[in-house]
Every structure is written in structure tokens, then in C-alpha cells.
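Respectively, the protein sequence lines represent chains A and B.
Start counting the first sequence at 1; every next residue gets the next number (UniProt numbering).
Start counting the second sequence at 1; every next residue gets the next number (UniProt numbering).
2 protein chains.
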Amino acid sequence: MTETAQAAFKPGKGAGSTVGVALLGMGTVGAEVLRLLGERSDEFTARIGGPLEVRGIAVGDLSKPRPGVDRDLLTDDALGLVKRDDIDLVIEVIGGIDYPRQVVLAALRAGKSVVTANKALIAAHADDLAAAADESGVDLFFEAAVAAAIPVVGPLRRSLAGDKVNQVMGIVNGTTNFILDAMYHRGASYEEMLAEATELGYAEADPSADVDGYDAASKAAILASLAFHTRVSGENVHTEGIRDISVEDIDAAKAANSTIKLLAICERLVDDEGKESVSARVYPALVPTSHPLASVSESYNAVFVEAESAGRLMFYGNGAGGGPTASAVLGDVVAVARNIVHGGRGPGESTYAELPIADFGDVSTRYHVDMQVDDRTGVLAEVASVFAEQGVSLKTVRQEELRDGARLVVITHSAREADLENTVDKLKQLDAVMAINSVIRMEG
Amino acid sequence: MTETAQAAFKPGKGAGSTVGVALLGMGTVGAEVLRLLGERSDEFTARIGGPLEVRGIAVGDLSKPRPGVDRDLLTDDALGLVKRDDIDLVIEVIGGIDYPRQVVLAALRAGKSVVTANKALIAAHADDLAAAADESGVDLFFEAAVAAAIPVVGPLRRSLAGDKVNQVMGIVNGTTNFILDAMYHRGASYEEMLAEATELGYAEADPSADVDGYDAASKAAILASLAFHTRVSGENVHTEGIRDISVEDIDAAKAANSTIKLLAICERLVDDEGKESVSARVYPALVPTSHPLASVSESYNAVFVEAESAGRLMFYGNGAGGGPTASAVLGDVVAVARNIVHGGRGPGESTYAELPIADFGDVSTRYHVDMQVDDRTGVLAEVASVFAEQGVSLKTVRQEELRDGARLVVITHSAREADLENTVDKLKQLDAVMAINSVIRMEG
Numbered sequence: 001m002t003e004t005a006q007a008a009f010k011p012g013k014g015a016g017s018t019v020g021v022a023l024l025g026m027g028t029v030g031a032e033v034l035r036l037l038g039e040r041s042d043e044f045t046a047r048i049g050g051p052l053e054v055r056g057i058a059v060g061d062l063s064k065p066r067p068g069v070d071r072d073l074l075t076d077d078a079l080g081l082v083k084r085d086d087i088d089l090v091i092e093v094i095g096g097i098d099y100p101r102q103v104v105l106a107a108l109r110a111g112k113s114v115v116t117a118n119k120a121l122i123a124a125h126a127d128d129l130a131a132a133a134d135e136s137g138v139d140l141f142f143e144a145a146v147a148a149a150i151p152v153v154g155p156l157r158r159s160l161a162g163d164k165v166n167q168v169m170g171i172v173n174g175t176t177n178f179i180l181d182a183m184y185h186r187g188a189s190y191e192e193m194l195a196e197a198t199e200l201g202y203a204e205a206d207p208s209a210d211v212d213g214y215d216a217a218s219k220a221a222i223l224a225s226l227a228f229h230t231r232v233s234g235e236n237v238h239t240e241g242i243r244d245i246s247v248e249d250i251d252a253a254k255a256a257n258s259t260i261k262l263l264a265i266c267e268r269l270v271d272d273e274g275k276e277s278v279s280a281r282v283y284p285a286l287v288p289t290s291h292p293l294a295s296v297s298e299s300y301n302a303v304f305v306e307a308e309s310a311g312r313l314m315f316y317g318n319g320a321g322g323g324p325t326a327s328a329v330l331g332d333v334v335a336v337a338r339n340i341v342h343g344g345r346g347p348g349e350s351t352y353a354e355l356p357i358a359d360f361g362d363v364s365t366r367y368h369v370d371m372q373v374d375d376r377t378g379v380l381a382e383v384a385s386v387f388a389e390q391g392v393s394l395k396t397v398r399q400e401e402l403r404d405g406a407r408l409v410v411i412t413h414s415a416r417e418a419d420l421e422n423t424v425d426k427l428k429q430l431d432a433v434m435a436i437n438s439v440i441r442m443e444g
Numbered sequence: 001m002t003e004t005a006q007a008a009f010k011p012g013k014g015a016g017s018t019v020g021v022a023l024l025g026m027g028t029v030g031a032e033v034l035r036l037l038g039e040r041s042d043e044f045t046a047r048i049g050g051p052l053e054v055r056g057i058a059v060g061d062l063s064k065p066r067p068g069v070d071r072d073l074l075t076d077d078a079l080g081l082v083k084r085d086d087i088d089l090v091i092e093v094i095g096g097i098d099y100p101r102q103v104v105l106a107a108l109r110a111g112k113s114v115v116t117a118n119k120a121l122i123a124a125h126a127d128d129l130a131a132a133a134d135e136s137g138v139d140l141f142f143e144a145a146v147a148a149a150i151p152v153v154g155p156l157r158r159s160l161a162g163d164k165v166n167q168v169m170g171i172v173n174g175t176t177n178f179i180l181d182a183m184y185h186r187g188a189s190y191e192e193m194l195a196e197a198t199e200l201g202y203a204e205a206d207p208s209a210d211v212d213g214y215d216a217a218s219k220a221a222i223l224a225s226l227a228f229h230t231r232v233s234g235e236n237v238h239t240e241g242i243r244d245i246s247v248e249d250i251d252a253a254k255a256a257n258s259t260i261k262l263l264a265i266c267e268r269l270v271d272d273e274g275k276e277s278v279s280a281r282v283y284p285a286l287v288p289t290s291h292p293l294a295s296v297s298e299s300y301n302a303v304f305v306e307a308e309s310a311g312r313l314m315f316y317g318n319g320a321g322g323g324p325t326a327s328a329v330l331g332d333v334v335a336v337a338r339n340i341v342h343g344g345r346g347p348g349e350s351t352y353a354e355l356p357i358a359d360f361g362d363v364s365t366r367y368h369v370d371m372q373v374d375d376r377t378g379v380l381a382e383v384a385s386v387f388a389e390q391g392v393s394l395k396t397v398r399q400e401e402l403r404d405g406a407r408l409v410v411i412t413h414s415a416r417e418a419d420l421e422n423t424v425d426k427l428k429q430l431d432a433v434m435a436i437n438s439v440i441r442m443e444g
């Protein structure tokens, strides 16, 4: 459904009206949202034009002690809560996909606006959620789903609505950035830093969503959808994590005046005939130390946007945690509540461009290929000719002697993924190539 | 008028309706806006839900050749144009204050929404313009007025609407940043670099608005108003420019591992009794080279925001020029046009907090004081006791021998402006102090 179809929406309740709020989830973010709704209630009333009133809180476990929370507000029936007549606005901070999807759909269909911080939900089900919001003429806002308090959803949806975005590239997962940053600065291994991240509470007991890139992929899908007015879901994002990044890779990055970052990249591709397509991908990549993304340290996030008229923009800040996430949620709450009081509706999903998703093999980038080869005359020529046959041209070659053979590090010019993949396959078949130690992309 | 009073606004024209646009001004930005309105018209229609149609262009000189522009659209009667029934949305990119104020007021009173890039206008007359917009229930948007395409107005108005902003600090004038950056990196004088900036088109023939800080002061007023929900006008901003920054000051900055930047600083002050006030100020200041603002080079802009929940955020990009300014204008145009088609209204001026403007003397910061003193025993004690008497404590003292006397460079801990000013007055009265070479604040 394109924006053109979003015609009707509900009139406002009128200035001074109270907005009834349902809060779904009382984890770190939910508790902080509830606390701030109380602490800042006067400010919110002034900014909205009417007071917010939390009228129900859905939790999984009613018996758990929750000091300071009015027990009468608690319920374990989220579905029943969101349909209640006295609820205008639903804040979803449960997490997960299937259950929140069911509840959020029910809320939207019942004509309630929804604010969510749930990136996995939006990345997987933007289509039917947006359709339900359109049908009811209500808002579905999710600034907190990408990079917490750093405003990127708003700028892409609104500030850059008059521009043509060509690329969005960012560090959008704090856990992996913490691990890679520590590996770079302390020379430690992936396993050691993952253990430390878990201890510090940066990583979950099951770290897969972070370290395998799925969390970043959800965010990439959301960013690509907004940037290119095309529906991109998590499944469309080529995703590689950081589990295989070794101490040797970090050392190789240093030798190339670079660091390694897990990047989410959303790109508008244009082929020789001018046909446009969209690529969204997540992988660890070498980033030159002179690039601003290289200096994004610890668990910080940063997003670069390159647009035709605006040029290059960067947004930087704390991309996770209860406070920053609550800030983004509450910004959306104020905007949505204003619409409930005064009438009107924020920009909905915009997918009019309907660009095709590019085949990952057609994406072009540069590569850092680290291999172990026989140390004899003619090997370099053999290796170089394999690259040349696949149309991959070389930018730099560095060879060093090892106890057993030689190490050959090649940096390519921009080449197609498919061509690079063929090159690597062919290199593996060469007798002279003993091992391909790593193939890492280079960006920025 | 607070947001609570913004109740009524006009219903939408309906999906598919054409939005009639009047463009005021055909300078660099106006011409680029017009070009992009043509080039991106399909995208705009899809994003808005109805087409934009430029129905009139007001210019100062009708006889000037304007290739590619339909002459039938041109008029020199801006006031007549904005009142026409077929105009829904007015884009003001004339510049100046009095004349655009008259035209924008007329447009708002006639029920037309306005998008402007005019920082001086907004900083001087936000009060009656916002009141007129409120009365008519229309939008008055001005993202382009601060830092061009870098979204800062939107994030402060919307994304951070649920947070409590404590400080906004930024480099918001590209011309002065170009000059200071070149002085720092090339060791050149202010006069040389101003001449070069003028030649490159960065500086106007009369550079006063830039180099005396007035342009930055307008932006500081706008940022402070948005951040603190308090009306702050350009007159409330303590403003100092960069004309007096010498090669010696730059050298002193380097010796202190710092660079010099013209900063716009908006701060929420809290006194001992918890009473809040707002400070907005513009002055050149030492910024440590390790601070992200120090590496903002050439004519780039960057804005730091520190909010209670979000923590520190940074926005970075190209803060001037036809393309970036047009990008910001057109982002606003899409948002305003959506409201015209579908109904609804963006957040208006929000001044409910009505915090008092702090006296500049009550602002605290650190200082770098560079003076020439007699080179004899007891002078340092004399000087130090003057600081101590005014309650200004010293962080570092560096003394070096000169041919004639000694040079004494003092860096203070945070101190009140008024106390520092008294200190400097007293120092000047000391026989031992031959000259105060410079007093520069330190931030970041």
C-alpha cells in the first residue's frame, strides 16, 4: 500500500483530552519508559496538548514483585488490554516476533496507534503491520528500533523526504562493536572479548542475534525500506557475523591502516542500463582508520547517510540501553499522542518505489584476500592470472616469507561479489595456494 | 502561545489533491529548489499523496533572464502571490528580515503553510510568526535555517520531544569554520583566510554576519528555543566573532593540544536552589583536539546534543550550499504538503517552559588567559592572588621568557564569566602585567 492510499484518519480527540496508554512489557526499557512517563508528565502534557495516562501494563508474570508499580494496572492479557476502549496508544517493548506481532496487529486493527522498539518485528512484518495501520488510519512509529536514541528513522522518513538517498552505512550493533573495538585495541581474541561482553551485560546469554549479524540485519532492512521507499525485510539482507574474525585478521587490518567493523550497508545500485535496485547487507569489513566510522568506539553506534542533495550526513550516539531506548520511544509517544489529541497522522510506510532487491553476486566492493602460498618462482604470476581471468583487478600485493611457504596479501579494486567468489574458488584449486586464510571486504 | 492552544487546524484537501506552491526568491537555493521540484516530481507525488504544482515565483527583478523558467510564473508582487486562492504552500528563500517577515506573516494569516530557510527571520520574529501560524492552524517549518541538510530542527522538535535536553553545542557557521580551520592547518592569518574564503564564495562581500557571529547567533537562538521550550531570540544570545583571533592565539591553542572553533552553545543552567535558566551564546573557544568537534574541518557543520536519557548525540554534515539547503527545504515541503493533503499539522512552537534567560555573567566555563608580565620574583604570586581573590582557581600555569619580560599562560578551572571579567580588570591594574594578550574560553 503506497502513501497515496493513506487517506482517511481519525479526527483528534480535542485539545486537553487525556490519552490512554497501554504499556506492553516491563523489562529494562519498559520500566524506564514507565518511570519517565511519571517523572516528565507535566512536560509531556505541555508538549502534547493533553495528559498521558498509563491505564494498563501487560507483563508475562503477574506474581513478580514490581516495587512502585500500581498492581491494579498489571495484566497478563495483552490482547485484551490493547482492545480496551480507554486505550488510545500502545507501547510495545516486549521483544520477540510472533507474540508481539499478534498483539500489535490486534491493537492497530482496534484503531490504536502503536509505538514499538522491536526491530525484529518491524523487519519481519512491516507489510501487514503497515497495512493494518493504514486501514485504521493510525500511527505505527519505531524510532527506537534502529540505533536507540540516535534519530535515524525520523530523518530518513521526514527530513530527507525531499532528497534522494543513495547509501546508508552504519555501525548499528553495540555488542559486536564493543567486541571488535576491544580486539583491535587490546589484541585479545574474539572468544575472550565475547566472554567479557557477556559479563558486562552487553551480550545476551545466547549472543547469536548480535554476533551472527541478525540484529544488524533487522536494522539494515528497516533503514533500506525507509531510504529507498521499497519493502526490504530481514530475509532480503545478506548477513555475515563476526565469529570468524581472528586476531590475525585484526593484525592484517592494522597492516592495511584499517580497523574491522560490523557494517550494515544499504545501497541503491544502478546497472549499465540505468535500472535501479536495492542492496542491503551486513558483514564485517575493513574500514580505513581515517574514516569517521573507524573511530566509533565501544558500544556506540553511528550511521552515515549519503543523499544526492544533502551530501554526506552522519548521526552518532549511544545505540542501546534503557535510557537511550526510552528516549526514542517517548519521542514517538509524544508525536503519536499529539496526533491523537489534535488529529493528523505521521508519514506511514512508503514503498511506492518498489525497487527490486539486488542479487548479492551483483554487489561490488573491494576485498582483502590473505593466503598462504608456495614460496617459489612463478607463484605470484599464477595467482595474479586467476584474479585477472575473473576480471578482478589488484590494487596492492604484499608478500612475506613464512617458515612454511609465503603469505600473500592482496587488496583488490572494486569487483563484483560473484567474480570474487569465482576467483576464490579457482585459487583454492591452485596447487601453489596452500590456504586462503581470510577474505574480508573493504568499505569506506 | 503554548502547544496546548494549538487546537484547530484545517482539514486535508483530500488524497490526490494538487498542492499549489509559491516560491519566494530565485537565488542559489531558490533555483535549486525549483529544479528539484521538477526533477523529483514523481517521487514527491508518491510521498505526499498528491502532486505539487509551482504556481508563482516572486523575484526582485523581473527583467533578469532566467533560462528554463516559465516567465508566466514570475511576479514581483510577493504579497499578492502568497494571498492567492490557488496557493497552499509558500517557500521563502529570499533572505533578509523585514520584507520576508511581512510576506510570511501575510501568507500565514491567509492560511498558507510556510517553509523557510531564513534563520535571521526565525531568530528575530519567531513570536509573531508562530502566533500567526497557530491562529490559522497551518505549519511553519524551518529545518534549513540551522545547518542546512543536517537534521537538527526535526530531531529537537520531534525525536527528542520525550527527553530533557541539557545542552546543545555546535559548529553552525561554515565560513568561520573554513577560516579557523585554514588558520590552524596553514598557519595563515585571519585576514588572508578571509580573503580566500571570499574568493571561494564561502564569505559574502560584507562578511560581518559570519565573522562577527550573528549568523551563528540566529541559529543558537533557534536551537535554544527548540531545546528548552522557551522563546530565545537572537538578541538574547551573547555573541562574539572571530575577527580578533590571531596567529598567536592559534599557536597557543596548539600548545594546549586544542584548536579554536566558533561555537554556538545552548545550555540549561541550574542554580544552587534548583532554579533553571537558559544560556545561549556564541564565541570562539579552544576545543581539545581529541574532541569530535575539533575534527570538523573546512566548511562542515556539526551539532552535539546532550539529553538526560539519550546521552550524547552528534549530527554532522554539510551545513551550507544550494544542494544541502534545498534538501532541507524540500524535506519540510513534503511534510507540510502531506498535512495539506491529508490534514494534520506538525508540532508548532513550544514555549511552555518559559525559562528565564540567564545573565551572561552567571555562565561558567574555563578560560585560557595569555598575558605578558614583568620577569621578576613575586610576579606569579601577585597574579595568582588576583585570580584567587575573585574565586577563580587555576588548573595550569605556563611561563616562558620573552625578550621583554615573560609570557604567562594560565588555564582556569570552571569559573563564572563575571568573576573572570573582574579578574581581568584587576590584572590590568597590576603594574607587573604589561598586557593581556588574549582571553579565550575553553569548551568540550
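Cβ coordinates follow ideal geometry from the N, Cα and C atoms, glycine included.
Quick caveat: nothing in here was measured; it's all calculated off a predicted structure.
Review point. Going by alpha carbons, who is nearest to Lys395(B) out of Ala415(B), Ala294(B), Met371(B), Thr377(B)?
Key: Ala415(B)
Exercise for review: Give the DSSP bridge partners of Asn318(A), in chain order.
Suggested key: Tyr300(A)
Review point. Measuring CB to CB, does Gly56(A) end up less than 9 Å from Ile87(A)?
Key: yes
Check your understanding: Closest to Asp127(A) by CA distance: which of Glu354(A), Met183(A), Asp77(A) is it?
Key -> Glu354(A)
Point to revise | Proximal residues of chain B, C-beta to C-beta of Asn177(A) below 9 Å | key: Near Asn177(A) there are no residues of chain B at all, since even the closest Cβ is about 16 Å away, more than 9 Å.
Check your understanding: Are the CB atoms of Val138(A) and Leu330(A) nearer to each other than 9 Å?
Key -> no
Practice item. Measuring alpha carbon to alpha carbon, tell me which of Leu313(A), Val296(A), Gly38(A) ends up nearest Phe304(A). Key: Leu313(A)
Review point. Using DSSP with H/G/I as helix, E/B as strand and the rest coil, what is Asp61(B)?
Key: coil
Practice item. Answer with yes or no whether the minimum CB distance from Tyr352(B) to chain E is below 9 Å. Key: The displayed structure is made up of protein chains A and B, and chain E is not among them.
Point to revise | Beta-carbon neighbours of Val334(A), restricted to chain B and to distances below 7 Å | key: Ala161, Gly162
Review point. For Asp370(A), which residues does DSSP report across the bridge?
Key: Val409(A), Ser438(A)
Review point. Comparing the C-beta of Pro356(A) with each C-beta of chain B, is any distance below 9 Å?
Key: no
**Study point:** Closer than 9 Å to chain B by CB, Phe44(A)
**Key:** yes
Check your understanding: Tell me the DSSP bridge mates of Glu53(A)?
Key -> Gly20(A)
Exercise for review: Can you give me the Cβ contacts of Glu39(B) inside the same chain, cut-off strictly under 8 Å, excluding the 5 residues immediately before and after it?
Suggested key: none
Review point. Taking the runs of the beta strand (DSSP E) that are 3 residues or longer, which of them lie wholly in the stretch 161-245 of chain A?
Key: 165-171
Check your understanding: Where do the N-terminal and C-terminal ends of the beta strand (DSSP E) with Leu394(B) fall, by residue?
Key -> 394-401
Practice item. Specify, as a first and last residue, the run of the beta strand (DSSP E) that Ile260(A) falls within. Key: 258-270
Practice item. Would you kindly check if the distance between the Cβ of Lys219(B) and the Cβ of Ala320(B) is under 9 Å? Key: no
Exercise for review: Check the Cβ of Met314(A) against every Cβ in chain B and list those closer than 8 Å, keeping chain order.
Suggested key: Met314, Phe315, Tyr316, Gly317
Practice item. Measuring only between beta-carbons, confirm whether Asn173(B) sits less than 9 Å from chain A. Key: no
**Study point:** Boundaries (first-last residue) of the beta strand (DSSP E) holding Arg281(B)
**Key:** 276-288
**Study point:** Cβ neighbour criterion (16 or more within 10 Å) applied to Leu62(A)
**Key:** exposed
Review point. For the alpha helix (DSSP H) that contains Ile91(B), what are its first and last residues?
Key: Counting along the chain, Ile91(B) falls outside any alpha helix (DSSP H), though it belongs to the beta strand (DSSP E) covering 89-92.
Check your understanding: Hey, does Ala117(B) have any beta-carbon neighbour from chain A nearer than 9 Å?
Key -> no
Check your understanding: Pick from Leu74(B), Ala15(B), Phe44(B): whose alpha carbon is nearest that of Met26(B)?
Key -> Leu74(B)
Exercise for review: Could you spell out where the alpha helix (DSSP H) holding Ser385(A) opens and where it closes?
Suggested key: 379-389
Review point. Are the C-beta of Ile150(B) and some C-beta of chain A separated by less than 9 Å?
Key: yes
Review point. What are the start and end residues of the alpha helix (DSSP H) that includes Arg247(B)?
Key: A small correction: the amino acid at residue 247(B) is Val; Arg does not occupy that position in the sequence shown. From DSSP, the alpha helix (DSSP H) with Val247(B) extends over 247-255.
Review point. Under 7 Å Cβ-Cβ, which residues of chain B neighbour Ser218(A)?
Key: By Cβ distance, chain B contributes nothing, its closest Cβ being about 20 Å from Ser218(A), past 7 Å.
Exercise for review: Could you check what DSSP says for Phe141(A) in three-state terms: helix, strand or coil?
Suggested key: strand
Practice item. Kindly indicate if chain B contains any beta-carbon less than 9 Å away from that of Arg66(A). Key: no
**Study point:** Straight-line gap, Ala435(A) to Ala256(A) (C-alpha atoms, nearest Å)
**Key:** 20 Å
Exercise for review: Closer than 9 Å by beta-carbon distance: list the chain A residues that pair up with His413(B), in chain order.
Suggested key: None at all; the shortest Cβ gap to chain A is about 28 Å.
Practice item. Keeping to the same chain, check which residues put their C-beta closer than 6 Å to that of Asp76(B); ignore five residues upstream and five downstream. Key: Leu62
Check your understanding: Are any of the Cβ atoms in chain B nearer than 9 Å to that of Glu32(A)?
Key -> yes
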